[in-house]
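Chemist: If you count the sequence shown from 1, position 145 lands on 145 in full-length UniProt numbering, and the numbers rise without skipping. Attaching a single structure in structure tokens format; questions to follow.
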Amino acid sequence: MEKFIERVINGRYTYDGAGVKLMRVFSNITDLTDPFLLLDNFGSNRIEDYINGFPWHPHRGIETVTYVLNGKVEHHDSEGNRGTIYPGDTQWMTAGSGIFHEEMPRYIEENKKVYTEMSGFQLWVNLPGNKKMTTPVYRSLKANDIPLIEIENSKIKLIAGRFGKDYGYYDGGTQDVTYMHVMLNDDEIVFKTVESYRTIIYIFDGYIMIKNNRYEKGDAIILSESGDSITIYGHGQFMFMSGKPLKEPVAWYGPIVMNTMDEINQAIIDLRRNTFVKEKNPIFES
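The structure is reproduced here in structure tokens:
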């Protein structure tokens, strides 16, 4: 049985960090998006729209998934770990018990030429209660390591999870997340999902057709948990995400997401006491 469309939403432009302009596709509607918490689409040709970046801030209880299309993002945490996310790369970070970091979008300069376009996505995935205080993990998925699947005239970058017989570079973690960048070029593709999993499609270029209904750039399509497939035709690009809902209470305080307000209050105490970072040696997976 195919999934049906529960709701179509449109994000809103906002500013985050130190003035980064972005499209907040969804946030704080976990009854519809569980296990996904937030999706941001950042992108601009204007350096002033992103150059001040996201200075030092904490995370606890979640995973952040940063996928870069253009430009680059420089990452630095409080323990001195550094890295750069280049076009086509993904950083899948399990914040777990707590990290303190900064993320700074940057333009690319090659052969004395400046390419000012900077764009990409950041997805937040909730962690189950028994994993919220786990050791932080950084996973660097390089563009060349992410499978590129060709179907007729279309292409799929399989960042995590599975598509047919193909598996992404990352298995999708505790919530069995499938995350794909789909480049649809006048083809019809059947996407197999899992019964009871939440699936969301965000169109950032062109259009798609689902059951004779047309959806355009900027539409975020929230599909039902029931059903195990969805058929899509069109000419455009979209991010496809699917994962197992947690069905747990959500207590949210900015970049910290826990199950109870007591846990949130403890995180605030930890921040004030400078004891927020519990693990001085996060795990690095490549």
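For each residue, glycine too, the CB sits at the ideal point set by N, CA and C.
1. Look up P58 in the DSSP assignment and give the residues it is bridged to.
2. Measuring CB atoms only, is the region 78-89 touching the region 139-148, in the sense that at least three cross pairs come out at less than 8 Å?
3. Assess, as a yes-or-no matter, whether the region 183-200 is touched by the region 249-264 under the definition of 3 or more beta carbon pairs within less than 8 Å.
4. I'd like to confirm the pairing. Which residues does DSSP put opposite T66 in its beta bridges?
5. Take the Cβ of M183 as the centre, count every other Cβ of all protein chains shown within 10 Å, and call the residue buried at 16 or more, exposed below.
6. For S78, I'd like the list of residues in its chain whose CB is within less than 8 Å of its CB, leaving aside the five on either flank, ordered along the chain.
7. Using 8 Å as the threshold, is the region 31-40 in touch with the region 106-113, meaning 3 or more CB pairs across them?
8. Quick one: grab the DSSP three-state call for L32.
9. Give the range of the alpha helix (DSSP H) segment to which I146 is assigned.
10. What are the partner residues of S140, as DSSP defines its beta bridges?
11. Count the other CB atoms within 10 Å of the CB of M1; is the residue buried (16 or more) or exposed (fewer)?
12. For the candidate residues M104, L69, H76, whose alpha-carbon lies nearest to that of G17?
13. Tell me whether the beta-carbon of M23 lies closer than 8 Å to the beta-carbon of E63.
14. Based on DSSP bridge pairs, tell me the residues matched to S154.
15. Using 10 angstroms around the beta-carbon of T178, count the other beta-carbons present and answer buried if the total reaches 16, otherwise exposed.
16. Under 8 Å between the Cβ atoms of residue 289 and V73?
17. In this structure, does DSSP put L246 in helix, strand or coil?
18. Buried or exposed for N70, going by 16 or more other Cβ atoms inside 10 Å?
19. Counting pairs of Cβ atoms below 8 Å between the region 210-217 and the region 165-177, do you hit three or more?
Modeler: The short version:
1. Taking the sequence shown and counting its residues from 1, the one referred to as residue 58 is at position 58. BP columns for P58 point to F100.
2. At 8 Å Cβ cutoff, the stretches touch.
3. No, the region 249-264 does not touch the region 183-200.
4. In the sequence shown, counting from the first residue as 1, residue 66 sits at position 66. DSSP output for T66 lists Q91, Q122 as bridge partner(s).
5. Position 183 of the sequence shown, counted from the first residue, corresponds to residue 183. Classification of M183: buried, given that the 10 Å Cβ count is 16 or more.
6. Against the sequence shown, residue 78 aligns to sequence position 78. Cβ neighbours of S78 beyond the five flanking positions: W56, I99, F100, H101, V277.
7. These segments do not touch.
8. Here the question's residue 32 lines up with position 32 in the sequence shown. It is helical.
9. By one-based count along the sequence shown, residue 146 stands at place 146. Note, I146: premise wrong, no alpha helix (DSSP H); not H, not E.
10. On the sequence shown, residue 140 is found 140 positions in, with the first residue counted as 1. Paired residue(s): Q91.
11. Numbered from its first residue, the sequence shown carries residue 1 at position 1. Its Cβ having fewer than 16 others within 10 Å, M1 is exposed.
12. Sequence index remark: in the sequence shown, residue 17 carries index 17 (1-based). If we check each option's Cα against that of G17, M104 comes out closest.
13. Within the sequence shown, the letter at position 23 stands for residue 23. Within the sequence shown, the letter at position 63 stands for residue 63. Not a contact, by the Cβ cut-off of 8 Å.
14. Here residue 154 is taken as the residue at index 154 of the sequence shown, counted from 1. Bridge partners of S154: I151.
15. Looking up residue 178 in the sequence shown gives position 178. With 16 or more neighbouring CB atoms inside 10 Å of its own CB, T178 falls in the buried class.
16. The structure shown has nothing for residue 289, since the chain only spans 1 to 286.
17. As a working note, residue 246 is residue 246 in the sequence shown. If DSSP states are grouped into helix, strand and coil, L246 belongs with coil.
18. By 1-based counting over the sequence shown, the position of residue 70 is 70. Counting the other CB atoms within 10 Å of its CB gives N70 a total of 16 or more, which places it among the buried residues.
19. Contact between the region 210-217 and the region 165-177 is not established, with fewer than three Cβ pairs separated by less than 8 Å.
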